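K.L.:
What follows is a single structure, and I will ask about it in a moment.
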Amino acid sequence: MVSEQAAQVLVASNRGPVSYTLRDDGELEARRGGGGLVSGLSAIGPDTDAVWVCAALGEGDREAVRRTGGRLDQADTGDQRVRMLGIAPEVYADAYNAVANSTLWFVHHMLYQTPLEPAFGPEFRAQWASYEAYNRAFAEALADEAGDGAAVLVQDYHLALVPGMLRALRPDLRIGHFSHTPWAPVDYFRLLPDDIARQLLRGILGADRAAFLTHRWADAFTACCTELLGDTGKTRIGVHSLGADADFLRERAHRADVDDRIVSLREQIGEADGAPRKAIVRVDRTELSKNIVRGMLAYRQLLTDRPEWRGRVVHVAFAYPSRQDLAVYRSYTAEVQRVAEEINEEFGQEGWLPVVLHVEDDFARSLASYRLADVALVNPIRDGMNLVAKEIPVVSDNGCALVLSREAGAYEELGEDAVVVNPYDISATAAALHTALTMPDDERTQRTKRLAAAATALPPQRWFLDQLEALRALE
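The sequence shown lines up with residues 9 to 483 when you count with my numbering.
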């Protein structure tokens, strides 16, 4: 049954543009989110019939679904039509934590310690059934909301089965799927049980168009399809490299709260010989793939190999907690803190704290660090894109040398003007930090300009519209 208010453009993602908190007085408090999808969807204009389908993530969201039937009050959503799905908490937990984040994320980021994991038995099969049910709920809601021939943009590994399920329900729709993560090479993807690996591929191939952040990830997906299924069928493969939102970042980075954070950070960094100390900045979630611990070990190696930097440089590390409901993430966060404390105990002097670590999320402070960074360290084990690598050059006050992992998706566009590292090589990363710290001012300035230009080539609005136009243009 199609909704009476049928949409012509639909977006489906696990997280929507608004979340709810249930207050003590029983009232719901709405909080709008940001990000590329929010910016992108705004680009189609208010006159386009559009709807965003998402999942209820917590008790506040589920209560909002109970009170509204899932069609949220547009006063809460920035006048965006949103359909929120009240999926059973136990089904959601299995689909999101056990399958999406503890299995598919680990496969695509190649994070398993394979002597012990993964081990796919009956428990995983039960969790997989929840993942199927979660995807089916999205497919049915999209089929219900979509007008004749509508364009549907399905987002990410959480919803890999949706295109195939939706195609069976509504063959008239134009369906696109976009992967925001890397895609695993064939041999690693085949860690998954054969039937599930094929089911995932067929799910995405239910789309008219499957798109990725880089050619590398698109090629890996194509290779998996060729190896496991024979080919990609009629599905077109596309690449859209999400860029930084320069206008928003530059405006937001010069507000009063950011200026205040700069003053505070400069006090923490301090001076040496009458001049501000150099700042090596990183801003990450404590996500296993971000490689924060090896980055700190490389900084320690720099201080060991190059004693002239002792007292003259500070590693400003923002490691904001991520997925703390998973034990492995809690352990990783604790290890980040332990290594930072160890470096400070080993090298710290009166008036110089080698590592300034913050674990409380603060966007204004992150922007302040972007502006004052001399060196940006972005060394993920593997990353679909990594927008931090793109954002820092955009808002840097005086130019910033970028030390960038070759395993970040951003490497495809930024590698030529970055100091590129193997993320596993601590010694080479320490040497790269020294190269970045000693880069001549003119060279750093010119590289930063080129990095900023590349980083903003496809801003979120254009990124979204390009996908929509490519989907609509298919014959």
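Cβ coordinates follow ideal geometry from the N, Cα and C atoms, glycine included.
Here the structure is a predicted model, which is why all the values come from computation and not from measurement.
When you compare each of Asn394, Asn109, Ala327 and Leu380 to Val367 by their alpha carbons, which one comes out closest?
P.N.:
Ranking Asn394, Asn109, Ala327 and Leu380 by Cα distance to Val367 puts Ala327 first.
K.L.:
Touch check for the region 398 to 407 and the region 352 to 371: three-plus C-beta pairs under 8 Å?
P.N.:
Not touching, per the Cβ criterion.
K.L.:
Let me confirm a value: Asp216 is counted as buried when at least 16 other C-beta atoms fall within 10 Å, else exposed. Which label applies?
P.N.:
Its Cβ being crowded by 16 or more others within 10 Å, Asp216 is buried.
K.L.:
Quick one: which unbroken beta strand (DSSP E) runs of 3-plus residues sit fully inside the region 145 to 169? Chain order, please.
P.N.:
List check, beta strand (DSSP E) in window: 154 to 163.
K.L.:
Can you check whether the CB of Leu237 is closer than 7 Å to the CB of Leu209?
P.N.:
Their beta carbons are under 7 Å apart, which means Leu209 touches Leu237 by this criterion.
K.L.:
Nearest-angstrom Cα distance between Leu445 and Arg379?
P.N.:
Cα to Cα, the separation comes out at about 16 Å.
K.L.:
Cβ atoms of Val301 and Val347: under 7 Å apart, would you say?
P.N.:
Against a cut-off of 7 Å, the Cβ pair of Val301 and Val347 comes out as a contact.
K.L.:
As a quick exercise: from Tyr307, Gly392, Val364 and Ala372, pick the residue whose alpha carbon is nearest that of Gln434.
P.N.:
Correcting the residue identity first, residue 434 is Ile in this sequence and not Gln. Among Tyr307, Gly392, Val364 and Ala372, the Cα nearest to that of Ile434 is on Tyr307.
K.L.:
Just curious, the beta strand (DSSP E) that Glu429 is in, first and last residue?
P.N.:
Per the sequence presented here, residue 429 reads as Val, with Glu not at that position. Here the beta strand (DSSP E) through Val429 covers Val427 to Val429.
K.L.:
Applying the 10 Å Cβ sphere with the 16-neighbour rule, what's the burial state of Asp84?
P.N.:
Asp84 comes out buried.
K.L.:
According to the Cβ coordinates, are Val59 and Pro25 closer than 7 Å?
P.N.:
It is not a contact, given that the beta carbons lie outside the stated cut-off.
K.L.:
Do Arg293 and Ala372 count as a contact pair if the criterion is CB distance below 7 Å?
P.N.:
No, they are not a contact pair.
K.L.:
Which complete beta strand (DSSP E) runs does the region 62 to 105 hold, if anything under 3 residues is left out?
P.N.:
Those beta strand (DSSP E) runs which fall completely within the region 62 to 105 and span 3+ residues are 90 to 93.
K.L.:
Over the uninterrupted alpha helix (DSSP H) stretch that includes Arg274, give me the two end residues.
P.N.:
Looking at the DSSP string, the run of the alpha helix (DSSP H) that includes Arg274 is Ala264 to Ile277.
K.L.:
Hey, Leu365 and Gly303: beta-carbon distance below 7 Å or not?
P.N.:
For Leu365 and Gly303, no; Cβs fall outside 7 Å.
K.L.:
Starting from the Cα of Ala418, find the closest Cα among Ala381, Ala460, Thr453 and Ser377 and give me that residue.
P.N.:
Among Ala381, Ala460, Thr453 and Ser377, the Cα nearest to that of Ala418 is on Ala460.
K.L.:
For the pair the region 423 to 430 and the region 273 to 284, tell me if three or more CB-CB distances fall below 8 Å.
P.N.:
No: the two stretches stay apart, fewer than three of their Cβ pairs being nearer than 8 Å.
K.L.:
Could you pull out every residue in the same chain whose Cβ sits closer than 7 Å to the Cβ of Gly246, ignoring the five residues on either side in sequence?
P.N.:
For Gly246, where only same-chain residues beyond five positions count, the Cβ hits under 7 Å are Arg217, Ala219 and Ala478.
K.L.:
Spatial neighbours of Phe229 within its chain, please: CB distance less than 6 Å, with the 5 preceding and 5 following residues excluded, ordered by chain position.
P.N.:
Excluding positions up to five away in sequence, the list reads Trp191.
K.L.:
Which of the three DSSP states, helix, strand or coil, is assigned to Gly303?
P.N.:
Note: Gly303 maps to helix in three-state DSSP.
K.L.:
May I have the straight-line CA-CA distance separating Ala63 from Pro468, to the nearest angstrom?
P.N.:
Their Cα atoms are separated by approximately 22 Å.
K.L.:
On the criterion of 16 or more Cβ atoms from any shown chain inside 10 Å, does Pro448 qualify as buried, or is it exposed?
P.N.:
Exposed, by the Cβ-count rule.
K.L.:
Using the rule of at least 16 other Cβ atoms within 10 Å of the residue's Cβ for burial, across every protein chain shown, is Ala487 buried or exposed?
P.N.:
This structure cannot settle anything about residue 487, because the visible part of the chain is limited to 9 through 483.
K.L.:
How about Asp87: is its Cβ closer than 6 Å to a heavy atom in the ligand NAD?
P.N.:
Absence of the ligand NAD is noted for the structure shown, with no ligands found whatsoever.
K.L.:
Is it the case that the Cβ atoms of Asn352 and Val344 are separated by a distance below 7 Å?
P.N.:
It is not a contact, given that the beta carbons lie outside the stated cut-off.
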